[in-house]
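First the structure, in the form of structure tokens, and then the observations on it.
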Amino acid sequence: MKLRAKWLQRLAGHAGRVGLLLLAGGAVVLLWQPTEAAWWAARLLGVAALLLISGTLFLRPAYGQRPWHRLFGWAALAALGGHVVVTTGFQPVFWRWLTPAMPLEIVAGIIALLAFLMVLLVQRSRTLRRRLGPFSSLSVHRTAGYLLIAAACTHITLVAGMAFSAAVGFLSGLAFLLVEGLLRERHVVRLAATLALFISAIAWLAIGSMAETRLAGLRQAPIDHARFLHTDHTGLACAGCHHNFVDRTGTENCLSCHKRLSVSEASRIDSMFHAFCSECHRADNRAGRKFGPIDDCNGCHGG
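Everything in the sequence shown is counted per full-length UniProt numbering, starting at 1 for the first residue and increasing by one.
Pasting the structure below:
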């Protein structure tokens, strides 16, 4: 029995290390993508928070050793706070997306923030720890930590225009870290149930009964004006955007047509145009040509 437990602990350690490496690889790819200075800072702080949180869970506290767990945890809190401040403070247009029809990446980000607050609450509240008991409070603390990682990785990978290789790195790293948690955590049922609840909630919002309600509100809302000048795009082939003139599907305005087509989370009009426009601008940036806003909300929707 002891040999089996030792073998599982060793396997969990290997899974955790692989998970951290994959997350780091995804972070490198993400940070390599061109973007504006404010968003680059937001990305840097966000992935730093994710990596620090992952390291905090992996480096569990042990008596007589350096307090890496606590140091990484406080550093993660500082990085997450900076990420929120840069995102909401330097991009005031961001607040327009906080509606019932908000994109799933924002939902996941809010869940991650709430999970971090639960981690802190359990760790700092003596009253709560006394009521839960030492073992149960520790389990809740860890479970909230793994939920935080799952929500943070979901938040990152669902961002419009995310590079495929970066998304693979984050999701595969998350999978290995969750395997590590399930192998090491004593209260496996609680952890598995929490993760299942999170996945179910995201699925319910994306493809479940709630999806149509959210997207119906998005289709009925006024179109959020984005500054667009054809004079800035004279060097591009018109058919690259106006495909309806080529396939003879109609002659309507892009937004009015695509708004009606936003019948699923994957085809929602805001995410689709964010990915389309930003990737074109990003390609111009790589080629050394003049380019428009990449991720800068205010650059398109400001004013």
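Note that the Cβ used here is the ideal one computed from N, Cα and C, for glycine as well. Just so it is clear, the structure is predicted and the values come from calculations on it, not from any experiment.
Query	Result
Cα-Cα separation, Met1 to Arg186	Residue placement at Met1 is poorly supported in this model, since its pLDDT is 48, which falls under 50; the coordinates are not used for a value here.
Beta carbon of Ala161 nearer than 9 Å to that of Arg282	Position check: residue 161 holds Gly in this sequence, whereas Ala was assumed. Against a cut-off of 9 Å, the Cβ pair of Arg282 and Gly161 comes out as a contact.
Short Cβ contact (9 Å threshold) for Ser54 with Gly173	yes
Beta-carbon proximity check, Ile223 vs Leu104, cutoff 9 Å	no
Assigned secondary structure, Met1 (DSSP; H/G/I helix, E/B strand, else coil)	Legend: pLDDT at Met1 = 48, less than 50; position of this residue unreliable, no value from coordinates given.
Host alpha helix (DSSP H) of Cys153 (start-end)	134–157
Check whether Thr143 and Leu191 have beta carbons under 9 Å apart	yes
Three-state class that DSSP yields for Cys277 in the structure shown	helix
Proximity to His225 [Cα-Cα], best of His14, Arg96, Val47	Arg96
Touching by the beta-carbon criterion (3+ pairs, under 8 Å), the segment 110–120 and the segment 260–275	no
Burial state of Gln91 (16 or more Cβ within 10 Å)	buried
Presumed contact (8 Å Cβ cut-off) between Val179 and Ala15, rounded CB distance	5 Å
Alpha helix (DSSP H) runs wholly inside the segment 156–220, at least 4 long, in chain order	164–184, 188–206, 209–220
Residue-level contact to chain C via CB, Ala75, 9 Å cutoff	Among the protein chains of the structure shown there is no chain C, as only one such chain exists.
Cα-Cα separation, Ala48 to Thr157	15 Å
Per-residue DSSP class, three states only, for Thr56	helix
Buried or exposed by the 16-neighbour rule on C-beta atoms within 10 Å, applied to Cys238	exposed
Leu23 classed as buried or exposed, judged by whether at least 16 other C-beta atoms fall within 10 angstroms	buried
Lys290 - DSSP class collapsed to helix/strand/coil	coil
Element boundaries [alpha helix (DSSP H), containing Ser264]	Premise fails: Ser264 is in no alpha helix (DSSP H) and is neither H nor E.
Helix, strand or coil at Leu98 according to DSSP, with G and I counted as helix	coil
Host alpha helix (DSSP H) of Asn298 (start-end)	297–301
Backbone secondary structure at Leu229 - three-state DSSP	coil
Beta-carbon proximity of Leu98 to Ala76, cut-off 9 Å	no
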